[in-house]
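Engineer: In the numbering used here, the protein residues as written are 1 to 273.
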Amino acid sequence: MGVQGPTEVFASSAGAVRWGAVGSGEPVVLLHGTPFSSYLWRDVAAALAPRYRVYFWDMPGYGTSEMRSGQRVSLAVQGKVFAELLRHWGLESPRIVAHDFGGAVALRAHLLHRAVYSRLALVSPVALAPWGSPFFRLVGEHTEVFEQLPPALHRALVAEYVSSASATGLGPEVLDRLVEPWTGAEGQAAFYRQIEQADQAHTDEIQSLYPSLELPVLLAWGERDSWIPPERTRELAAMIPGLITGPIEGAGHLVQLDAPAQLTAALTDFLRE
Numbered sequence: 001m002g003v004q005g006p007t008e009v010f011a012s013s014a015g016a017v018r019w020g021a022v023g024s025g026e027p028v029v030l031l032h033g034t035p036f037s038s039y040l041w042r043d044v045a046a047a048l049a050p051r052y053r054v055y056f057w058d059m060p061g062y063g064t065s066e067m068r069s070g071q072r073v074s075l076a077v078q079g080k081v082f083a084e085l086l087r088h089w090g091l092e093s094p095r096i097v098a099h100d101f102g103g104a105v106a107l108r109a110h111l112l113h114r115a116v117y118s119r120l121a122l123v124s125p126v127a128l129a130p131w132g133s134p135f136f137r138l139v140g141e142h143t144e145v146f147e148q149l150p151p152a153l154h155r156a157l158v159a160e161y162v163s164s165a166s167a168t169g170l171g172p173e174v175l176d177r178l179v180e181p182w183t184g185a186e187g188q189a190a191f192y193r194q195i196e197q198a199d200q201a202h203t204d205e206i207q208s209l210y211p212s213l214e215l216p217v218l219l220a221w222g223e224r225d226s227w228i229p230p231e232r233t234r235e236l237a238a239m240i241p242g243l244i245t246g247p248i249e250g251a252g253h254l255v256q257l258d259a260p261a262q263l264t265a266a267l268t269d270f271l272r273e
């Protein structure tokens with residue numbers, strides 16, 4: 001692929017953040033969602049690298065970044081950390097591409113923490129209430145029960161959950177890479193921690209501000225997304241002035257894996273305008 005995992009480390013207010021960058025040119029920053037990591041963006045990062053300096057990172061509590069007992073990993077925390085990270089990189093007005101939970105992180109950093117972007121591409125973003133799959137809500141209500149699952153059963157549960165985000169199916173190697181960070185005692189605890197701290201209030205806080213967005217925004221989503229129904233994404237589209245929309249036929253929530261060529265084409269057109 002030409003893109004290695006994040007190897008650099010930034011000491012954020014919520015713990016050590018691992019990040020990486022490839023390519024050269026104007027900066028583009030990629031944000032992952034939950035329960036994923038920057039690994040999800042590897043193909044898109046490789047495709048954008050010939051034209052842009054592409055930054056990617058694992059949020060605190062995710063992927064290869066720090067996971068610890070008592071860690072705060074909510075949307076409110078991640079928005080603050082992203083603003084810190086942009087300052088650390090010295091990026092004053094980068095192009096932003098954000099998926100799922102990362103969409104809310106990017107929106108909070110921009111609307112509440114004064115992070116400045118030149119363009120914002122939202123891919124199947126978490127942005128409007130209500131959000132969270134039925135499984136996500138069930139676990140959030142009974143975290144103390146799920147935390148006690150035997151490791152093998154926990155891994156099978158995470159694999160089944162992650163698989164449901166794809167409309168085309170995930171290969172064994174890709175599925176293993178997506179599940180692996182959540183295994184072991186540390187990873188298992190981190191998986192339920194991030195669900196337990198998910199709070200719809202953190203999108204409610206900014207939802208009324210979406211019509212005030214004054215930068216170019218692309219909204220892309222999979223037409224077969226079972227995690228965030230397309231009709232809710234279209235509702236979001238109606239709230240943002242001057243929005244460019246990009247529904248992607250045949251893709252589920254994991255648009256990067258289900259339709260990488262179509263998504264990359266849409267992003268390339270949007271980012272270079």
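Glycine residues also receive a C-beta, built at the ideal position from the N, C-alpha and C atoms.
For clarity, every value in this text was computed on a predicted model and none was experimentally measured.
At which residue ranges does the stretch 130-189 contain complete beta strand (DSSP E) runs of 3 or more residues, listed in the order of the chain?
Structural biologist: List check, beta strand (DSSP E) in window: nothing returned.
Engineer: Using 8 angstroms for Cβ pairs, my map puts residue 98 next to residue 60. What's the rounded Cβ distance?
Structural biologist: No, residue 98 and residue 60 are not in contact; Cβ-Cβ is about 16 angstroms, not under 8 angstroms.
Engineer: Tell me which same chain residues have a C-beta within less than 7 angstroms of the C-beta of residue 41, skipping the five on either side of it?
Structural biologist: Answer for residue 41: 30, 32, 56, 256, listed in chain order.
Engineer: How many whole angstroms separate the CB atoms of residue 248 and residue 221, which I take to be in contact at a CB cut-off of 8 angstroms?
Structural biologist: Right, their Cβ atoms sit about 7 angstroms apart.
Engineer: Can you say whether residue 270 is buried or exposed, counting buried as having 16 or more other CB atoms within 10 angstroms of its CB?
Structural biologist: Its Cβ being crowded by 16 or more others within 10 Å, residue 270 is buried.
Engineer: Would you check if the distance between the CB atom of residue 75 and the CB atom of residue 225 is smaller than 8 angstroms?
Structural biologist: No; because the gap between Cβ atoms is not below 8 angstroms, this pair is not in contact.
Engineer: In whole angstroms, what separates the C-alpha of residue 210 from that of residue 158?
Structural biologist: Cα to Cα, residue 210 sits roughly 32 angstroms from residue 158.
Engineer: Should residue 253 be labelled buried (16 or more other beta-carbon atoms within 10 Å of its own) or exposed?
Structural biologist: Buried, by the Cβ-count rule.
Engineer: Does the stretch 83-91 touch the stretch 9-21, meaning 3 or more C-beta pairs lie closer than 8 angstroms?
Structural biologist: Result yes; three or more Cβ-Cβ pairs closer than 8 angstroms.
Engineer: Can you round the beta-carbon distance between residue 260 and residue 123 to whole angstroms, since I take them to be within the 8 angstroms contact cut?
Structural biologist: Not quite, the Cβ-Cβ distance comes to about 12 angstroms (not below 8 angstroms), so this is no contact.
Engineer: Quick check on residue 62: does DSSP put it in helix, strand or coil?
Structural biologist: DSSP places residue 62 in coil when its eight states are reduced to three.
Engineer: Quick one: Cα of residue 172 to Cα of residue 49, how far?
Structural biologist: Distance between the alpha carbons of residue 172 and residue 49: 27 angstroms.
Engineer: At what residues does the alpha helix (DSSP H) containing residue 99 begin and finish?
Structural biologist: Counting along the chain, residue 99 falls outside any alpha helix (DSSP H), though it belongs to the beta strand (DSSP E) covering 95-99.
Engineer: Take residue 143 as the anchor and find which of 90, 190, 179 has the nearest alpha-carbon.
Structural biologist: When only C-alpha atoms are compared, the closest one is 190.
Engineer: Distance, Cα to Cα, residue 108 vs residue 145?
Structural biologist: For residue 108 and residue 145, the distance between alpha carbons rounds to 31 angstroms.
Engineer: Measuring only the C-alpha atoms, how far is residue 62 from residue 201?
Structural biologist: Whole-angstrom Cα-Cα distance: 21 angstroms.
Engineer: Assign residue 28 to buried or exposed, taking buried as 16 or more other Cβ atoms, counted over all protein chains shown, within 10 Å of its Cβ.
Structural biologist: By the neighbour-count rule (16 or more Cβ atoms within 10 Å), residue 28 is buried.
Engineer: Output the boundary residues of the alpha helix (DSSP H) element that contains residue 268.
Structural biologist: Unbroken alpha helix (DSSP H) run through residue 268: 260-272.
Engineer: Per the DSSP calculation, residue 244 is bridged to which residue(s)?
Structural biologist: 218, per the DSSP bridge assignment.
Engineer: Apply the 10 Å Cβ neighbour rule to residue 38 and answer buried if 16 or more other Cβ atoms are within range, or exposed otherwise.
Structural biologist: By the neighbour-count rule (16 or more Cβ atoms within 10 Å), residue 38 is buried.
Engineer: Here's the rule I'm using: 16 or more other beta-carbon atoms within 10 Å means buried, otherwise exposed. How should residue 58 be labelled?
Structural biologist: With 16 or more Cβ atoms within 10 Å of its Cβ, residue 58 is classed as buried.
Engineer: Taking a contact to mean a Cβ-Cβ separation below 8 angstroms, would you say residue 147 touches residue 117 in this structure?
Structural biologist: It is not a contact, given that the beta carbons lie outside the stated cut-off.
Engineer: State the start and end residues of the unbroken alpha helix (DSSP H) segment that holds residue 45.
Structural biologist: Where residue 45 is concerned, the enclosing alpha helix (DSSP H) stretches over 42-48.
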